[in-house]
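Residue numbers (the numbering used here), protein chains in the order written: chain A, 13 to 221; chain B, 13 to 221.
Glycine included, C-beta positions come from ideal geometry on N, C-alpha and C.
Values in this document were obtained by computation on a predicted structure and should not be read as measured data.
Data first, discussion second: the structure below is written as structure tokens.
Protein chains: 2
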Amino acid sequence: MASQKPVPRIVVSRLPVYLRALQHMAQEGKVVTSSQELAQRLGTTSAQIRKDLSYFGEFGRQGMGYEIGYLMQQLRRILHVDREWPVALVGAGDLGHALANYAGFPPEGFRIVAVFDNDPKKIGQTMAGLTIQDSAHLREVIARERLKVAIIAVPASGAQAVADELVAGGVRAILNYAPITLNVPEGVQVQYVDPVVHLQRMTFYLDDE
Amino acid sequence: MASQKPVPRIVVSRLPVYLRALQHMAQEGKVVTSSQELAQRLGTTSAQIRKDLSYFGEFGRQGMGYEIGYLMQQLRRILHVDREWPVALVGAGDLGHALANYAGFPPEGFRIVAVFDNDPKKIGQTMAGLTIQDSAHLREVIARERLKVAIIAVPASGAQAVADELVAGGVRAILNYAPITLNVPEGVQVQYVDPVVHLQRMTFYLDDE
């Protein structure tokens, strides 16, 4: 069904963006869209969208466009979020609190199931219904619970050590909020949440005044 | 010097990512790089990097690659972050606290200079050295201080009203952490911080187990 060409990372990186745009369209009550309409929303080209999707099969009909619900379902399957991933959160500071309470995760396939911190004053307290565990037990809890996905929300100084423990425990996907580049073995995915990149994408358009 | 072709949004969106990668290289002690090396780090192609940069001029020498410090300087100029942008932050909850204390902003051209919330218990309190102001005065403070950049860190239910006030006050670039799509007039930039998109980029690579 799907083609067997290896999928470039850049193509994979665009799929969740397509999924988000489709969700917004669905929320607006739209049922069908086109690669042209999607492209216009996202500031890209219809050719790129069609080419990206062609790695995975045929999702639209010639001249008919895409059925939004179906394409969303297929993207969720391709991205492996047609299931729920349990997630470990490391760092129970302000950002950790915000993430633990973030309402956007559960509907999209992610649920924070364990929270860690190394501050004795925080360990044992409750956050978003979870007991904050001692980071010293990070590796063993990760391994025991077979967690594959983790979020790092600790200061930059501690982030690499946390990443090392996560990987040792079996984590294979890390979302890193600490402003440093992590060194991880091949086969472990890392993504960075970097508000500066987003801000700089906008200041380009601000005139000198 | 720079060409006069209009720059596609998708090209602009990649420039801060190039800048980040160059900063990481500089931190590693590298002085010179190539479009090939940059491409490998970023999972893209050297042709795309060269084409993207060609919108703005010639930054490397044939066979010599790019001088990292110079290219960083030029990207900062192009992105208008060779100066400091004062930023308004709306929302003094957990996420707002984390953002107000985020050490990554000042070195990259951004400084939070005003914080707002609509909670009477928070108004008047201090956060990261700033007095939390009443959101009711958002528009007038934005206009008086001539702020062009703002960050929304309020719940989804209040985000559109905040965006409206920001725009009315003169804001032209909004970084939105609330999980909703904002409606803004043409000419106002919006970027979304969406951890789900990042997580989904990684689950693609996680096998079924």
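- Within the same chain, Met76, Gly77, Tyr78, Glu79, Ile80 come within 8 Å of valine 44 of chain B by CB-CB distance, once the 5 residues on both sides are set aside.
- About 11 Å separates the Cβ atoms of isoleucine 163 of chain A and alanine 171 of chain A, ruling out a contact at the 8 Å cut-off.
- Alanine 162 of chain B carries a strand assignment under DSSP once its states are collapsed to helix, strand and coil.
- Nearest neighbour of glutamate 177 of chain A by Cα position, chosen from A/Ala148, A/Ala168, A/Gly199, A/Ala190, turns out to be A/Ala148.
- The beta carbon of isoleucine 144 of chain B sits closer than 8 Å to those of Ala104, Val127, Phe128, Asp129, Lys134, Ile135, Gly136, Gln137, Thr138, all from its chain and outside the five residues before and after it, given in chain order.
- Interface residue (Cβ-Cβ distance to chain A less than 8 Å): isoleucine 90 of chain B is classified as such.
- Scanning the segment 53-129 of chain A from its first residue to its last, the whole beta strand (DSSP E) runs of 3-plus residues come out as 77-79, 97-102, 122-129.
- DSSP, reduced to helix, strand and coil, places leucine 218 of chain B outside both helices and strands of the structure shown, so it counts as coil.
- Taking a contact as a CB-CB distance under 8 Å, the pair valine 183 of chain B and alanine 100 of chain B counts as one, their CB atoms being some 7 Å apart.
- Interface with chain A (8 Å Cβ-Cβ cutoff): serine 66 of chain B is excluded.
- Against chain B, the beta carbon of arginine 184 of chain A has neighbours under 7 Å at Leu218, listed in chain order.
- Rounded to whole angstroms, the gap between the alpha carbons of glycine 199 of chain A and valine 24 of chain A is 15 Å.
- In the three-state scheme derived from DSSP, where H, G and I count as helix and E and B as strand, aspartate 176 of chain A is classed as helix.
- Contact between alanine 190 of chain A and proline 167 of chain A is confirmed by a C-beta separation of about 6 Å, below the 8 Å threshold.
- For a cut-off of 8 Å, the C-beta gap from alanine 112 of chain A to alanine 140 of chain A is around 4 Å, short enough to register as a contact.
- DSSP links aspartate 146 of chain A through a beta bridge to A/Asp129.
- Assignment of valine 24 of chain A by DSSP, reduced to helix, strand and coil, places it in the helix class.
- C-alpha of glutamate 96 of chain A to C-alpha of aspartate 219 of chain B: approximately 14 Å in a straight line.
- DSSP places tyrosine 204 of chain A inside the beta strand (DSSP E), whose first and last residues are 201-204.
- Within the segment 137-148 of chain A, no residue places its CB atom closer than 9 Å to a CB of chain B.
- Counted as a single uninterrupted DSSP element, the stretch harbouring asparagine 195 of chain A is not any beta strand (DSSP E), since DSSP gives it neither H nor E.
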